[in-house]
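Working notes, beginning with the structure itself.
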Amino acid sequence: MSDPSGDVPASDDPPLTRAAARRPAEPASAFHDHVRAARNEFEQQFDRARADFEQVQDRINERTGRNLLMAILIGVGIGAVVLASLLFVKWLFLLFAIPVCLLGVFEFVRALQTAGHRVDVVPQLVAGGIIMLSGAFLGHWTHWVITFACVTLVIVWRLLAQMAARDGRRYADVLTDVLISGFVPLYVPFLASLALILLQQDQGEYWVLGMIAAAVAADTGAYASGLAFGSHPMAPRISPKKTWEGFAGGALAAVAVSIGYGMLVLHAPWWVGAIFGAVILGCATAGDLGESMIKRDLGIKDMSSWLPGHGGVLDRLDSILPSAAAALAMYFFFSPLVVT
Numbered sequence: 008m009s010d011p012s013g014d015v016p017a018s019d020d021p022p023l024t025r026a027a028a029r030r031p032a033e034p035a036s037a038f039h040d041h042v043r044a045a046r047n048e049f050e051q052q053f054d055r056a057r058a059d060f061e062q063v064q065d066r067i068n069e070r071t072g073r074n075l076l077m078a079i080l081i082g083v084g085i086g087a088v089v090l091a092s093l094l095f096v097k098w099l100f101l102l103f104a105i106p107v108c109l110l111g112v113f114e115f116v117r118a119l120q121t122a123g124h125r126v127d128v129v130p131q132l133v134a135g136g137i138i139m140l141s142g143a144f145l146g147h148w149t150h151w152v153i154t155f156a157c158v159t160l161v162i163v164w165r166l167l168a169q170m171a172a173r174d175g176r177r178y179a180d181v182l183t184d185v186l187i188s189g190f191v192p193l194y195v196p197f198l199a200s201l202a203l204i205l206l207q208q209d210q211g212e213y214w215v216l217g218m219i220a221a222a223v224a225a226d227t228g229a230y231a232s233g234l235a236f237g238s239h240p241m242a243p244r245i246s247p248k249k250t251w252e253g254f255a256g257g258a259l260a261a262v263a264v265s266i267g268y269g270m271l272v273l274h275a276p277w278w279v280g281a282i283f284g285a286v287i288l289g290c291a292t293a294g295d296l297g298e299s300m301i302k303r304d305l306g307i308k309d310m311s312s313w314l315p316g317h318g319g320v321l322d323r324l325d326s327i328l329p330s331a332a333a334a335l336a337m338y339f340f341f342s343p344l345v346v347t
């Protein structure tokens, strides 16, 4: 049909209204609303999941007394460093072990000082470094002589410092300070240096790694089984959270790991691994309880807060230090049975 006034044909379609003109925008608006609703739902679900996780984490922290997630992350990191240093270039382990040992000496001395004991930081660090280096590079007998000399050095230093102070300190307190000054280098650097002596031996790095693996397995197994089944306290006056159920779990873990490690890595008979695991279990437990007794006497929970979820450096070395002495002894006893 044509418009009678001109040549332009007239349209039969009705004119568009404003509502009709807006109709093409409706699908886009609905899409944005859907995206907004989905985002809000996701944020709500995320907030609920985070709240649930924090509640679970708080319950675990309340029951265990430490930040479990942070403890796991730090433990994995330390384990990776130890594993890499021992398996690839074993002398790199020195660059890790000596500073860690000296940090343990430092925090132990600071804890003793906070409790009112007079122990000298610098002589203890110097003596600790000398003992560790002698264990890494010198023979057994030379190491013993140097250790004795270092213990004598810190004791004499403490006596001279007390004589120079002239502050009327009681004889009993002075005697305690002297004994503690001699105990620190024997407890931390000397026991740690035995691991470095073991490292010098043929295939010694694998024995050091096996010792650490057994001690960690004992600690982890005791922690997990104690958390799940613990009901009978093992030493309530020293460490109330340690249970016999946890000790049993640690025993199973330490012996199982040692048997597997001994057969697969050291090529030793299964019973050698079983004895190794049992001895390391006993030493690790004794070291843990011994350090707990020291902390209870000092009135502290952890030696420091340098390792979140773990406490201090010495809180991680407490089971390793006596285990190093046992591992060195078992190396000389069992090494003829190991196929290299």
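Per the numbering used here, the very first residue in the sequence shown carries number 8; after that it's consecutive.
Note that CB positions come from ideal geometry on N, CA and C, so glycine has one too.
- Assuming residue 292 contacts residue 340 under a Cβ cut-off of 8 Å, what Cβ separation, rounded to an integer in Å, is found between them? Looking up residue 292 in the sequence shown gives position 285. Looking up residue 340 in the sequence shown gives position 333. Incorrect: roughly 21 Å between the Cβ atoms, too far for contact.
Just the Cα atoms here: how many angstroms apart are residue 230 and residue 320? Taking the sequence shown and counting its residues from 1, the one referred to as residue 230 is at position 223. Taking the sequence shown and counting its residues from 1, the one referred to as residue 320 is at position 313. Residue 230 and residue 320: Cα-Cα distance of roughly 18 Å.
- Task: Specify, as a first and last residue, the run of the alpha helix (DSSP H) that residue 241 falls within.
- Result: Your numbering for residue 241 matches position 234 in the sequence shown. Premise fails: residue 241 lies in the beta strand (DSSP E), 240-242, not in any alpha helix (DSSP H).
(message) Could you check whether the segment 185-197 touches the segment 207-227, counting it as contact only if at least three pairs of C-beta atoms, one from each stretch, sit closer than 8 Å?
(response) no
*Where the beta strand (DSSP E) through residue 247 begins and ends*: Counted from its first residue, the sequence shown places residue 247 at position 240. Per DSSP, residue 247 belongs to the beta strand (DSSP E) from 246-250.
Give the range of the alpha helix (DSSP H) segment to which residue 337 is assigned.
For the purposes of this step, residue 337 is taken as the residue at position 330 of the sequence shown. Looking at the DSSP string, the run of the alpha helix (DSSP H) that includes residue 337 is 327-341.
Check: Just how far apart, CA to CA, sit residue 212 and residue 332?
Finding: Start at 1 with the first residue of the sequence shown, and residue 212 comes out as number 205. Start at 1 with the first residue of the sequence shown, and residue 332 comes out as number 325. Answer to the nearest angstrom: the Cα atoms are 15 Å apart.
Please state whether the Cβ-Cβ distance between residue 325 and residue 304 is less than 7 Å.
Position 318 of the sequence shown holds residue 325. Position 297 of the sequence shown holds residue 304. No, the pair does not count as a contact, with Cβ atoms beyond the cut-off.
Can you confirm whether the segment 143-154 touches the segment 200-214 when touching is taken to mean that 3 or more C-beta pairs between the two stretches lie within less than 8 Å? yes
Determine whether the Cβ of residue 172 lies closer than 7 Å to any Cβ atom of chain C. Of the protein chains in this structure there is only one, and it is not chain C.
**Report entry** Every unbroken beta strand (DSSP E) within the segment 119-149, with a cutoff of 3 residues, ordered by chain
**Finding:** none
Notebook entry, point to check: Applying the criterion that 16 or more other CB atoms from any shown protein chain within 10 Å of the CB defines a buried residue, is residue 180 buried or exposed?
Noted result: For the purposes of this step, residue 180 is taken as the residue at position 173 of the sequence shown. That one is exposed.
- Can you give, in chain order, each stretch of the alpha helix (DSSP H) that sits fully within the segment 181-243 and has at least 4 residues? 198-207 and 211-236
How many angstroms separate the CA atom of residue 306 from the CA atom of residue 122?
On the sequence shown, position 299 is the one that residue 306 refers to. On the sequence shown, position 115 is the one that residue 122 refers to. Between residue 306 and residue 122, the C-alpha separation is close to 8 Å.
Drop a sphere of 10 angstroms on the beta-carbon of residue 329, count the other beta-carbons inside from all chains shown, and report buried for 16 or more, exposed for fewer.
Counting from one through the sequence shown, the residue named residue 329 turns up at place 322. Answer is buried; the Cβ neighbour count reaches 16.
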